[in-house]
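Encoded as structure tokens, the structure appears first; notes follow it.
Written out as structure tokens, the structure is:
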């Protein structure tokens, strides 16, 4: 599965999966300051930290 993720304003500095591979976590670079948690099967955002 592949998704295009455009929520980060300045790009992504890191991406990782949870141990069970159900969720993807992305961390923004520079001034973005956002962390998103997505459901891996659907690409839906299930969590957001600023």
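In our numbering, the protein residues as written are 11 to 60. Ideal Cβ positions, reconstructed from N, Cα and C, are used throughout, including at glycine.
Residue closest to residue i, alpha-carbon to alpha-carbon, out of the options
i	options	result
residue 29	50, 59, 56, 54	50
residue 53	22, 39, 32, 41	32
residue 19	43, 57, 58	43
Cβ-Cβ distance between residue i and residue j below 8 Å
i	j	result
residue 47	residue 37	no
residue 59	residue 45	yes
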